[in-house]
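Written out below as structure tokens is the structure these notes cover.
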Amino acid sequence: MASLKWVLMFGNLVAASAFAEEPPIVGIDGHTVTLQAKKWTSPVVESATAWFTANGKTFPLFHAGIGTQAYPEWLSPDKKTLLATPVEYGVVIGENGEEIATSQGHCAVISMETGCVLAESYERFCEGNWEGHQWVSEEGGVLNPALETKPPKELLKHVLNLETAQSRAESLEWSMSFLSPESYMACHPPAQNVQAYNDLGFYLAEGGRDELALKFYRGVEAVGKRTVLMLNMADSLWRLDRKEEAQRYYREYGEAMTAAGKAQKIPQRVVERSEFQGMKK
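Residues -20 to -1, 1 to 261 in mature numbering (1 follows the signal peptide of the UniProt record, and there is no 0) are what the sequence shown spells out, letter by letter.
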């Protein structure tokens, strides 16, 4: 009997270049969702990745290993909402250690105004049609598009009592499910969640998820530079062996602390790594 040990596609499968692109689905104000066909090496899968474009910016809606399908008829009459079926591909490990390809589908509700994945349901919920502003599934379920994706403050509440850094990071990563960081931040803008995103990034980095942490740090940085954020970004960049970029943030952090009369509180690692001569313990 196969065990239920999941290995998510985005952690274990090697993606090849996009080899095709379907015509974009055009929503309100010309915002688009584009499906780019992708091929993974193992298990053999051909599927599309979903990209949202608005105001000259493009970002993925889901994690890199999520295959997605959507159709123009799944776009609401007012062009504000699109349904899509993201699928997590993975493997279960058989009793003899063999990898057995498997998948798990969802029905996602996407805001064509922001690129936020508002909510998700079971895959068959996407079988239905729009009746005015409501989506009615073939099974009789009714969707009134509304934000159900939990805010970062709520995610943080569930990890504060976890004992290890790794368990906190794993819990946060799992709580955000299959969404890309960019789509998650489209749901909960950094400008309204500065401290929460800084804390979320810190817990992710503390548990070894520096690449993911940097996504959220960058979101906060776009709102405005903050002293603690610069140190957190520098530490993650340093661990990722992006030393030159890390040194720049260490120097900026040191300069900000010195200007604020807090030079004595600068950690020794900052002095050592930044090579900023004006900083003294």
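Where is the CB? At the ideal position from N, CA and C, for every residue including glycine.
Quick one: Cα of residue i to Cα of residue j, how far?
i	j	result
I46	V67	6 Å
C96	T12	13 Å
Y102	E118	13 Å
L184	G77	31 Å
residue 272	L55	Outside the displayed span of the chain (-20 to 261) sits residue 272, for which this structure offers no information.
A50	A236	47 Å
R104	P125	17 Å
I73	Q84	16 Å
T48	F158	11 Å
N178	N109	40 Å
E100	F42	12 Å
V122	T65	17 Å
E232	P40	30 Å
G241	W115	58 Å
Is the CB-CB distance between residue i and residue j below 8 Å?
i	j	result
A88	L127	no
L15	A30	yes
E186	A149	yes
P52	I90	no
V200	P170	yes
T82	G70	yes
A28	A44	no
Might you give, ordered along the chain, the residues of its own chain that have their beta carbon closer than 6 Å to the beta carbon of residue i, omitting 5 neighbours on each side?
i	result
T94	A166
L220	D190
K133	A176
N173	P132
T129	C167
E79	V71
Once you ignore the five residues that flank residue i on each side, which residues in its own chain have a CB closer than 7 Å to its CB?
i	result
P161	L192, K195 and F196
E225	L217
I227	It is worth fixing the name first, because residue 227 is Gln in this sequence and not Ile. Hits under 7 Å: R253, S254 and E255.
E107	S117 and E118
Just checking my contact of residue i with residue j at CB under 8 Å: how many whole Å lie between their CB atoms?
i	j	result
S151	L142	6 Å
Residues in the same chain with beta-carbon distance under 8 Å from residue i, minus the five sequence neighbours each way, listed in chain order, please.
i	result
E153	L184, R189 and L192
Q146	G187 and G188
P57	W110, G112 and H113
Taking residue i as the reference, which of the options has the closest Cα?
i	options	result
V250	Y230, T238 and G241	Y230
L136	F182, G120 and W110	F182
K37	S163, E100 and K205	S163
F32	T65, T144, M92 and K59	M92
G7	K59, G241 and A239	K59
L211	V203, P247 and R222	P247
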